[in-house]
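Counted the way full-length UniProt numbering counts, the sequence shown spans residues 1 to 213.
Note that beta-carbon positions come from the ideal geometry of N, C-alpha and C, so glycine has one too.
Quick caveat: nothing in here was measured; it's all calculated off a predicted structure.
What follows is a set of notes on a single structure, which appears directly below.
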Amino acid sequence: MARPREFDEGNVLDAAIQCFWKKGFEATSMRDLIDCMGITGASLYNAFGDKRALYRKALAHYLKSSFGERVVRLESTLAPRQAIEMFFVEIIERSMNDIQRRGCMMVNSALEAAPHDPDAQAIVDDFLTRAEHFFLRCVEAGQRDGTISCAQPAPDLSCLLLGVLLGIRVLARAKPQRALLESVLRPALALLDGGAHQGNFAPIYPLIVESQR
1 MARPREFDEG
11 NVLDAAIQCF
21 WKKGFEATSM
31 RDLIDCMGIT
41 GASLYNAFGD
51 KRALYRKALA
61 HYLKSSFGER
71 VVRLESTLAP
81 RQAIEMFFVE
91 IIERSMNDIQ
101 RRGCMMVNSA
111 LEAAPHDPDA
121 QAIVDDFLTR
131 AEHFFLRCVE
141 AGQRDGTISC
151 AQPAPDLSCL
161 LLGVLLGIRV
171 LARAKPQRAL
181 LESVLRPALA
191 LLDGGAHQGN
201 FAPIYPLIVE
211 SQR
């Protein structure tokens, strides 16, 4: 009869995420993971397998607990146009507070591990698809209620927003300047508005940003 695990899987996966996120897949050793997760080597191998298997499990957990939670919360509490903007507000704030310049774990994984690991690539692809579909749902709903311009097709706008998301996350690692990140976002939001705000953020944005500075 198998013994019950003496640790909470979610907690140790959170710890593994922090370890991989800080050092990257290749530079993270099993000793690093054991120390960070606070479990024995035998427990790690029995529960998760080797380092690559643990990495995939950590990626999937990150996708569900971080990105998944944010999307559900924003779509359930805000109007479509506001949900898009608030999504980026939170991303920029997260980037500015990232003192170690770790960037986005999913974007990092897309560049480092995914090209050499089909299973990791599948998780990254799932993230990109979910992000694009989130933007698509919001744009389509906003076009229906009149808060987002219909001048551009919804699928094109959703792909543009996905590109803006990835661009902001990469730039934040190399040059984490608020003005730069906001300048990347500003034209995309203006395009959603059809130029109605003449390139300025809608009122929700400066109010939230100023309150957090």
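Going by the beta-carbon positions, is the gap between residue i and residue j smaller than 7 angstroms?
{"i": "V139", "j": "G167", "result": "no"}
{"i": "Y62", "j": "M105", "result": "yes"}
{"i": "I123", "j": "L59", "result": "yes"}
{"i": "V107", "j": "R169", "result": "yes"}
{"i": "L181", "j": "I84", "result": "no"}
{"i": "R102", "j": "W21", "result": "yes"}
Going by C-alpha distance, which of the options is nearest residue i?
{"i": "E26", "options": "S109, A15, L160, P118", "result": "S109"}
{"i": "Y55", "options": "I17, S158, L128, L165", "result": "I17"}
{"i": "S65", "options": "E93, E9, G41", "result": "E9"}
{"i": "G38", "options": "C19, E93, R178, P187", "result": "C19"}
{"i": "Q82", "options": "K51, D32, T147, R102", "result": "T147"}
{"i": "A53", "options": "P155, T129, A120", "result": "A120"}
{"i": "residue 271", "options": "D14, Q143, R73", "result": "With the chain covering 1 to 213 only, the question about residue 271 has no answer from this structure."}
{"i": "G142", "options": "D50, G194, A42, S29", "result": "G194"}
{"i": "N11", "options": "L165, S29, C36, R31", "result": "C36"}
{"i": "A174", "options": "R31, V71, Q100", "result": "Q100"}
{"i": "S29", "options": "D50, V71, V89, P118", "result": "D50"}
{"i": "E69", "options": "A154, R130, R186, Q152", "result": "R130"}
{"i": "R186", "options": "D117, V89, A154", "result": "V89"}
Per DSSP, what kind of secondary structure is residue i in: helix, strand or coil?
{"i": "D125", "result": "helix"}
{"i": "I91", "result": "helix"}
{"i": "F25", "result": "coil"}
{"i": "F48", "result": "helix"}
{"i": "L111", "result": "helix"}
{"i": "V71", "result": "helix"}
{"i": "I39", "result": "coil"}
{"i": "I99", "result": "coil"}
{"i": "K175", "result": "coil"}
{"i": "P153", "result": "coil"}
{"i": "A60", "result": "helix"}
{"i": "I148", "result": "coil"}
{"i": "A79", "result": "coil"}
{"i": "A202", "result": "In this predicted model, A202 has a pLDDT of only 46, less than 50, meaning its place in the structure is not dependable; the value taken from the coordinates is given anyway. In this structure, A202 counts as coil in the three-state DSSP scheme."}
{"i": "F7", "result": "coil"}
{"i": "P194", "result": "Correcting the residue identity first, residue 194 is Gly in this sequence and not Pro. If DSSP states are grouped into helix, strand and coil, G194 belongs with coil."}
{"i": "D32", "result": "helix"}
Any heavy atom of the ligand HEM within a distance shorter than 6 angstroms of the CB on residue i?
{"i": "E9", "result": "Looking for the ligand HEM in the displayed structure turns up nothing, as the structure carries no ligands at all."}
Report the CB separation of residue i from residue j in whole angstroms; it is logged as a contact under 8 angstroms.
{"i": "L161", "j": "F135", "result": "4 angstroms"}
{"i": "residue 245", "j": "A172", "result": "The structure shown has nothing for residue 245, since the chain only spans 1 to 213."}
{"i": "C159", "j": "E132", "result": "7 angstroms"}
{"i": "F48", "j": "K57", "result": "6 angstroms"}
{"i": "P80", "j": "D126", "result": "Not confirmed; about 23 angstroms, so no contact."}
{"i": "I34", "j": "G41", "result": "5 angstroms"}
{"i": "P176", "j": "S95", "result": "6 angstroms"}
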